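So the sequence shown is numbered by the UniProt record's numbering: it starts at 1 and just counts up by one.
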Amino acid sequence: MPHVRQEETSVLIKGKELIPEDTTEFLGITLDAKLQLSKILSSAAYAVRKIRNLTDSETARLVYFSYFHSVMSYGILLWGNAADIETIFVLQKRAIRSIYNLSPRHSLRDKFMEIKVMTVPSQYIYENILYAHKNKNMFQNTVIFIILILETNTNL
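Given below as structure tokens:
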């Protein structure tokens, strides 16, 4: 970044310098320093489109859930606030449109509800609420916990 002063820092563990890596593989998914999954999900959306061209919508839907949705959902608490979340949402919509042969201008608001698939932002919010509920003892004395309790009308 221009005009931003960057200082070299080093991290030592037991006297040995830790060398930073640009990417790492974590449980089968390659993560970069910015937690961007858009490259992986772009390939998944492409695979859904290609499968749909060769088969029916049910098979394409299976590919969507096994390839795209599983990667998208995995670790969403970790990367859900990352910079490329909007790109991932666009890729998700592209994959859904491919499954059902919908035009790029077709709104998917009703389609997501019809097929019972959560959008990326909805999945992120849902996973955060589940996390807060499962770990409510961590949030007992915080404003966040109170807001979640007041705004959530469902029994988790």
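Just so you know, even glycine gets a beta-carbon here, dropped at the ideal spot from N, CA and C. Since this is a predicted model, take the numbers as computed values, not measurements.
Inset, instruction - Indicate whether L77 and Y131 have their beta-carbon atoms separated by less than 8 Å. - result: yes
Inset, instruction - Could you tell me if the beta carbon of I88 falls within a distance shorter than 7 Å of some heavy atom in the ligand MN? - result: You won't find the ligand MN in this model; it holds no ligand whatsoever.
Inset, instruction - Using 10 angstroms around the beta-carbon of residue 223, count the other beta-carbons present and answer buried if the total reaches 16, otherwise exposed. - result: For residue 223 there is no data in the structure shown, the boundaries of the chain being 1 and 156.
Inset, instruction - Taking 8 Å as the cut-off, decide whether the C-beta atoms of I88 and V120 are in contact. - result: yes
Legend entry - Complete runs of the alpha helix (DSSP H) confined to the stretch 35-82 [at least 4 residues]: 38-54, 57-63, 70-73 and 76-79
Inset, instruction - For T119, name the three-state secondary structure that DSSP assigns. - result: coil
Inset, instruction - Return the CA-CA distance between E86 and R109, expressed in angstroms with no decimal places. - result: 16 Å
Legend entry - Reference L62; option with closest CA among N135, S122 and I115: I115
Inset, instruction - May I have the straight-line CA-CA distance separating Y46 from V90, to the nearest angstrom? - result: Distance between the alpha carbons of Y46 and V90: 13 Å.
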